[in-house]
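Peer 1: Pasting a structure below so you can have a look.
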């Protein structure tokens with residue numbers, strides 16, 4: 307499943323309209339988020355926004371993949387770090403694991419289109 311998160315990030319990194327692309331995972335690798343949450347008392351979204359601002363990152367790509375019953379739940383969000391607010395959101399259900407790569411491409415394309423409109 308980690309490969310799908312990389313596929314999301316790659317889809318966004320290939321888009322030439324971004325000056326740079328960094329994911330929430332990249333930020334969490336720089337600073338242990340749980341430790342920062344304990345120190346600052348913020349929730350995950352607020353902490354990610356604060357860290358994004360500190361790194362001068364305007365937007366964060368946040369993705370998640372889970373399994374609900376026999377289906378996969380795929381979620382993709384773009385957060386504006388200045389406003390600490392999700393500005394684009396796409397969620398979809400996929401029947402089987404084999405459909406996930408195409409779902410990642412489709413969701414990425416839709417989110418990018420909405421983001422840049």
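Numbering (our numbering), first residue to last: 307 to 423.
Glycine residues also receive a C-beta, built at the ideal position from the N, C-alpha and C atoms.
1. Check for me: the alpha helix (DSSP H) holding residue 411 runs from which residue to which?
2. If you measure between the beta carbons of residue 380 and residue 394, is that distance less than 8 Å?
3. Check whether the Cβ atoms of residue 367 and residue 412 lie closer than 8 Å to each other.
4. Name the residue from 318, 389, 310 and 403 whose alpha carbon lies nearest to the alpha carbon of residue 418.
5. Buried or exposed for residue 358, going by 16 or more other Cβ atoms inside 10 Å?
6. What's the call for residue 420, buried or exposed, on a 16-neighbour Cβ count within 10 Å?
7. In the DSSP assignment, what are the bridge partners of residue 391?
8. Give the straight-line distance between the Cα atoms of residue 404 and residue 355, rounded to the nearest whole angstrom.
9. Do residue 425 and residue 310 have their C-beta atoms closer together than 8 Å?
10. Would you please state the rounded distance, in angstroms, between the beta carbons of residue 390 and residue 351? I believe it to be under 8 Å.
Peer 2: By the coordinates alone:
1. From DSSP, the alpha helix (DSSP H) with residue 411 extends over 406-422.
2. The answer is no: Cβ separation not under 8 Å.
3. Not in contact: residue 367 and residue 412 (Cβ atoms no closer than 8 Å).
4. 318
5. buried
6. exposed
7. 386
8. 33 Å
9. One cannot answer for residue 425 here, as it falls past the ends of the chain, which runs 307 to 423.
10. 7 Å
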